[in-house]
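*Asks:* Before I ask anything, let me first share the structure, which is written out below as structure tokens.
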Amino acid sequence: MSSYHLDHLAYLETEAIHVLREVAAEFERPAVLFSGGKDSICILRLAEKAFRPSEIPMPFLNVETGHEFPELIEFRDRRAEELGAKLIVRTVDEAFEKGLATPTPGQVSRNQLQIPVLLGAIEEFQFDCCIGGARRDEEKARAKERFFSFRDAFGQWDPKNQRPEIWNLYNARLNPGENMRVFPLSNWTETDVWEYIKKEELEVPNIYFSHERECFHRAGQWLPVPPAHEANGKADPYEGARPTEQEEHRRMICRVRTIADMISTGMIESPAENIDDIISEVAAARVTERGTRADDKASEAAMEDRKKAGYF
Amino acid sequence: MSDAQQTIELLRFNTCGSVDDGKSTLIGRLLYDSKSIMEDQMEALERSADITGGGQVNLANLTDGLRAEREQGITIDVAYRYVATPKRKFIVADTPGHVEYTRNMVTGASTANLSIVLVDARNGVIEQTRRHSYISALLGIPHIVFAVNKMDLVDWSEERFREIREGIEAFLPKLNLFKDVKFIPISALEGDNVVTFSDRTPWYEGPTLLGHIESVHIASDWNLNGLRFPVQWVNRPNNPTDPALHDFRGLSGQIAGGIVKVGQEVLVLPSGQKSRIQEIWTYDGPLEEAFCPQSVTLRLEDDLDISRGDTIVGLDPLPGHSAELAGRVCWMNPRPLTAGKKYFLKHGTQTVQAMVTSLESRIDFETFEPKEASELAMNDIGEVRIRTAKPLTYDGYTANRLTGSFVLVEPGTNATVAAGMLHPPAQTYKPEYTDFSI
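As they're listed, the protein sequences go chains A and B. Residue numbers for the first sequence follow the numbering used here, beginning at 225 and rising by one. Residue numbers for the second sequence follow the numbering used here, beginning at 951 and rising by one.
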């Protein structure tokens, strides 16, 4: 065996590190989108590899819908602190108060409402680049997106007019008000992410592992029953997202395969207790990762339409 | 088990052919037969088949991800797909065939180790076949496969297959750059010779398409000859709490060629100063040596003034170092290239102002000969001369795909307008002249 040869994970790693360093060198005010999910966990390790022993030269940004899994929030805050990074959180609720966004009548999911919150945060902090953990294997509109994905002054992606991306030469030039989204994990698959988490011994939020949870069945998905509403005089944030009398509900041994918020994340029945179990489960899976995402099921072009409007 | 996983190699390939040659169908077939298609994707395909396809599942819809593509039944942009078999992992760039999107083929081909050129058995060798072969050669892809598709529509004729093969072999010597060339008769629609052998081609004795791409030798595709380290980011901790880091000054980057070793003598360009490698720093601990394309942080024995865009090179062989460059460009913008225009040129980690001083010729895809030209239109490939505001440290593209390539960016619009491949330097950097500043 040749010692001057990288295996597939080492290749993906060096590619992602190169991309992260290009961001640090080419942009004035970049940020890392960090949700606490498995992909952004890999991004943070890659950032450590790209920038240590210096500090990671960019803050972390997270957009909250207000319907997050509490386990995820706890993990996100702790991880950011461990890394000595500045964590900026902007929420849909704040955006309502500031008039940046208005609630969609009759719609309990706030997935779409993350768009104005994200664009508002970009404006507030004058971020010229946001690094995300999206991968091309997740979804077919993403399969067409560049590592350096240009957004115009309105935050829009124009899939028919993308900059050619040749070799490892990324064109990072922007005019004022424009923005770049950069995806260092573009070439990673779900399996690669879990193999990397194993190799690097990275901690992930415990909801990725099998646990017992009250779930209910809606639109072909097992959704988590939201936490009980405290009688605090405010409206129930989960109104419409609680099981109805007709909907089947039961306690399940389950876990999440991908995480949005509690309203958009389908639970999968799974006995996977550790990373090796997850890797085996992903290898044998017969549905895609995002098959459990209610937000993608809106239409065949749900992701493309959201990206055009400025989504992650 | 985990050791076996560690040594899995990654092969990047692209597919190219004309509209309706069946590229997307072929990738769909590879995904389907290697069981990389999931049930929910299949359901989505079946749903759209019932609505728009008269009940016929269209494998092309697996890769044609954009609304306009599904509406028009064409592939607009490069789509990347991921296939894993027990032997290898693959990154597939599905690049469209219609002439107006040739720039996307250049994009997909720039990072590929292998090119699959689809030829419709009924149409045989057409201009697109020659164009795609030429671009694959131009972009330095070491391995090429001609997949003669739709063999079912020519009654699995060995004679037709040979005719096409001879037609291609007639022009291949003019390109003369591939490490290996394969011809495989397939039906992407029905799956013959894609993943499993077909009993309808008893006269064909070669491998299946998947069998070939799983076994072709790619270990020597990266350049390990002559250290090239474009400095990407200067790594200097601010107010470190660890006193050992007070004087830490690292040069972070990805090795673009060759091997670097602790103690090795190196030259920093453009300053021409010499030093030695003190440490190869990584997050996972120091290394004794590192190689292309690893990302590392180098520390030198001497505290030199080095910044992004500088290149640390080994002494043998030395690179070219010049502000007067010659090379080929693929033009990617609707506004044509004419001599005298100024652009930003990005090469490695350096962006400099550049002027195309002359347009020497445009390549004719019928003959592969250069023809006199006053402009390059979108998707044309031509020979140019370029002058840069600062000298570049470079190699010929055929020697090193990373240090021999550049892109041109149009000021104002910031559009990436050209992909460029440099000719080998007329002379290499002369360290003995370093006392005379340029």
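Glycine included, C-beta positions come from ideal geometry on N, C-alpha and C.
Is the beta carbon of E250(A) sitting closer than 8 Å to the one on A365(A)?
*Replies:* Taking the first sequence and counting its residues from 1, the one referred to as residue 250(A) is at position 26. Taking the first sequence and counting its residues from 1, the one referred to as residue 365(A) is at position 141. Not closer than 8 Å, so no.
*Asks:* Taking N403(A) as part of the beta strand (DSSP E), name the residues at either end of that continuous run.
*Replies:* The residue labelled residue 403(A) in the question sits at position 179 within the first sequence. Unbroken beta strand (DSSP E) run through N403(A): 403-406.
*Asks:* Which of the three DSSP states, helix, strand or coil, is assigned to S227(A)?
*Replies:* Residue numbering aside, residue 227(A) sits at position 3 when the first sequence is read from its first letter. It is coil, neither helix nor strand.
*Asks:* Go through its chain and collect everything with a Cβ distance to I477(A)'s Cβ below 8 Å, but skip five positions before and after it.
*Replies:* Counting from one through the first sequence, the residue named residue 477(A) turns up at place 253. Within the same chain, I477(A) has close Cβ partners S434, H435, E436, E493, S494, P495.
*Asks:* To which residues does DSSP link I312(A) through a beta bridge?
*Replies:* Within the first sequence, the letter at position 88 stands for residue 312(A). In the DSSP output, where bridge partners are listed per residue, I312(A) has L285(A).
*Asks:* Beta carbons nearer than 8 Å to chain B: which residues of the segment 255-283 of chain A have them?
*Replies:* So the close ones are E272, K273, A274, F275, R276, P277, S278, E279.
*Asks:* State yes or no: is the beta carbon of W391(A) nearer than 8 Å to at least one beta carbon in chain B?
*Replies:* Taking the first residue of the first sequence as position 1, residue 391(A) is located at position 167. So yes, W391(A) belongs to the interface.
*Asks:* Are the C-beta atoms of P400(A) and some chain B residue less than 8 Å apart?
*Replies:* Taking the first sequence and counting its residues from 1, the one referred to as residue 400(A) is at position 176. It does not; no Cβ of chain B falls within 8 Å.
*Asks:* How should E1155(B) be labelled, buried or exposed, when 16 other C-beta atoms within 10 angstroms of its C-beta is the threshold for buried?
*Replies:* Numbered from its first residue, the second sequence carries residue 1155(B) at position 205. By the neighbour-count criterion, in which a residue is buried when 16 or more other Cβ atoms sit within 10 angstroms of its Cβ, E1155(B) is exposed.
*Asks:* In three-state terms, what does DSSP make of L1358(B)?
*Replies:* In the second sequence, counting from the first residue as 1, residue 1358(B) sits at position 408. L1358(B): strand per DSSP, three-state reduction.
*Asks:* Measuring straight from C-alpha to C-alpha, what distance separates C1280(B) and P1269(B)?
*Replies:* What you label residue 1280(B) is simply residue 330 of the second sequence in a count that begins at 1. What you label residue 1269(B) is simply residue 319 of the second sequence in a count that begins at 1. For C1280(B) and P1269(B), the distance between alpha carbons rounds to 24 Å.
*Asks:* Taking Cβ-Cβ distances below 8 Å as the criterion, which residues of the segment 1184-1213 of chain B are in contact with chain A?
*Replies:* N1185, R1186, P1187, N1188, P1190, D1192, L1195, F1198, G1200, S1202, G1203, Q1204, I1209
*Asks:* Output yes or no for whether 8 Å exceeds the beta carbon distance between D1345(B) and T1338(B).
*Replies:* Residue numbering aside, residue 1345(B) sits at position 395 when the second sequence is read from its first letter. Residue numbering aside, residue 1338(B) sits at position 388 when the second sequence is read from its first letter. Not a contact, by the Cβ cut-off of 8 Å.
*Asks:* Closer than 6 Å by C-beta to T1057(B): which residues in its own chain qualify, once you throw out the five before and the five after it? Chain order, please.
*Replies:* Reading the second sequence from its first residue, position 107 is the one you call residue 1057(B). Hits under 6 Å: V1028.
*Asks:* Cβ-heavy atom distance between D263(A) and the ligand ADP below 7 Å?
*Replies:* This structure lacks the ligand ADP; in fact it carries no ligand of any kind.
*Asks:* Does N411(A) come within less than 8 Å of chain B when only Cβ atoms are used?
*Replies:* Here residue 411(A) refers to the residue found at position 187 when the first sequence is read from its first residue. Closer than 8 Å to some Cβ of chain B, the Cβ of N411(A) qualifies, so yes.
*Asks:* Quick one: is P1284(B) buried, meaning 16 or more other Cβ sit within 10 Å of its Cβ, or exposed?
*Replies:* Residue mapping note: residue 1284(B) aligns to position 334 of the second sequence, counting from 1. Classification of P1284(B): exposed, given that the 10 Å Cβ count is below 16.
*Asks:* If distances are taken between C-alpha atoms only, which option among T1191(B), L1219(B), A1240(B), Q1204(B) comes closest to G1213(B)?
*Replies:* Position 263 of the second sequence, counting from 1, holds the residue named residue 1213(B). When each option's Cα is compared against that of G1213(B), the closest is A1240(B).
*Asks:* At a cut of 8 Å, does the segment 1171-1186 of chain B reach the segment 1201-1218 of chain B through at least three beta carbon pairs?
*Replies:* Judged by Cβ distances under 8 Å, the segment 1171-1186 of chain B makes contact with the segment 1201-1218 of chain B, as three or more pairs qualify.
*Asks:* Given A465(A), which residues of its chain have a CB within under 7 Å of its CB, disregarding the five upstream and five downstream residues?
*Replies:* Taking the first residue of the first sequence as 1, we reach residue 465(A) at position 241. Correct list, in chain order: V332, P450, I487.
*Asks:* In the structure shown, what three-state DSSP assignment does M1328(B) receive?
*Replies:* If you number the second sequence from 1, residue 1328(B) lands on position 378. Note: M1328(B) maps to coil in three-state DSSP.
*Asks:* Is the CB of T415(A) under 8 Å away from at least one CB in chain B?
*Replies:* Counted from its first residue, the first sequence places residue 415(A) at position 191. True, the Cβ-Cβ gap to chain B drops below 8 Å.
*Asks:* Output the distance between the C-alpha atoms of R1112(B) and Y1032(B), rounded to the nearest integer angstrom.
*Replies:* The sequence position of residue 1112(B) within the second sequence is 162, counting from 1. The sequence position of residue 1032(B) within the second sequence is 82, counting from 1. Approximately 32 Å between the Cα atoms of the pair.
*Asks:* Please work out which residues of its chain come closer than 8 Å, Cβ to Cβ, to R979(B), disregarding the five sequence neighbours upstream and downstream, and give them in chain order.
*Replies:* The residue given as residue 979(B) occupies position 29 in the second sequence. The residues are L1009, A1138, L1139, G1141, V1144, V1145.
*Asks:* What residues of chain C sit near N498(A), judged by a beta carbon separation below 9 Å?
*Replies:* Among the protein chains in the structure shown, which are A and B, there is no chain C.
*Asks:* For V316(A), which residues of its own chain have a beta-carbon under 6 Å away from its beta-carbon, when the five flanking residues on both sides are left out?
*Replies:* The residue given as residue 316(A) occupies position 92 in the first sequence. So the qualifying residues of the chain are T289, G290, R334, L337, V341.
*Asks:* Could you name the residues of chain A that T1243(B) contacts, counting a contact when the two beta carbons are closer than 9 Å?
*Replies:* Taking the second sequence and counting its residues from 1, the one referred to as residue 1243(B) is at position 293. Residue identity check: residue 1243(B) is Pro in the sequence provided, not Thr. Result: L230, Y235, T238, E239, H242, N392.
*Asks:* On the three-state DSSP scale, how would you describe R517(A)?
*Replies:* To locate residue 517(A), count along the first sequence from 1; it is residue 293. In the three-state scheme derived from DSSP, where H, G and I count as helix and E and B as strand, R517(A) is classed as strand.
*Asks:* For chain A, check one thing: does any of its Cβ atoms lie closer than 8 Å to the Cβ of I958(B)?
*Replies:* Here residue 958(B) is taken as the residue at index 8 of the second sequence, counted from 1. Chain A contact via Cβ: present.
*Asks:* Determine, using beta carbons only, whether K368(A) comes closer than 8 Å to chain B.
*Replies:* By one-based count along the first sequence, residue 368(A) stands at place 144. Chain B, which has a Cβ nearer than 8 Å to the Cβ of K368(A), makes this yes.
*Asks:* Keeping to the same chain, check which residues put their C-beta closer than 6 Å to that of V287(A); ignore five residues upstream and five downstream.
*Replies:* Numbered from its first residue, the first sequence carries residue 287(A) at position 63. Answer for V287(A): R314, Q338, V341, L342, listed in chain order.
*Asks:* According to a CB-to-CB cut-off of less than 7 Å, which residues of the segment 1058-1076 of chain B neighbour chain A?
*Replies:* S1060, T1061
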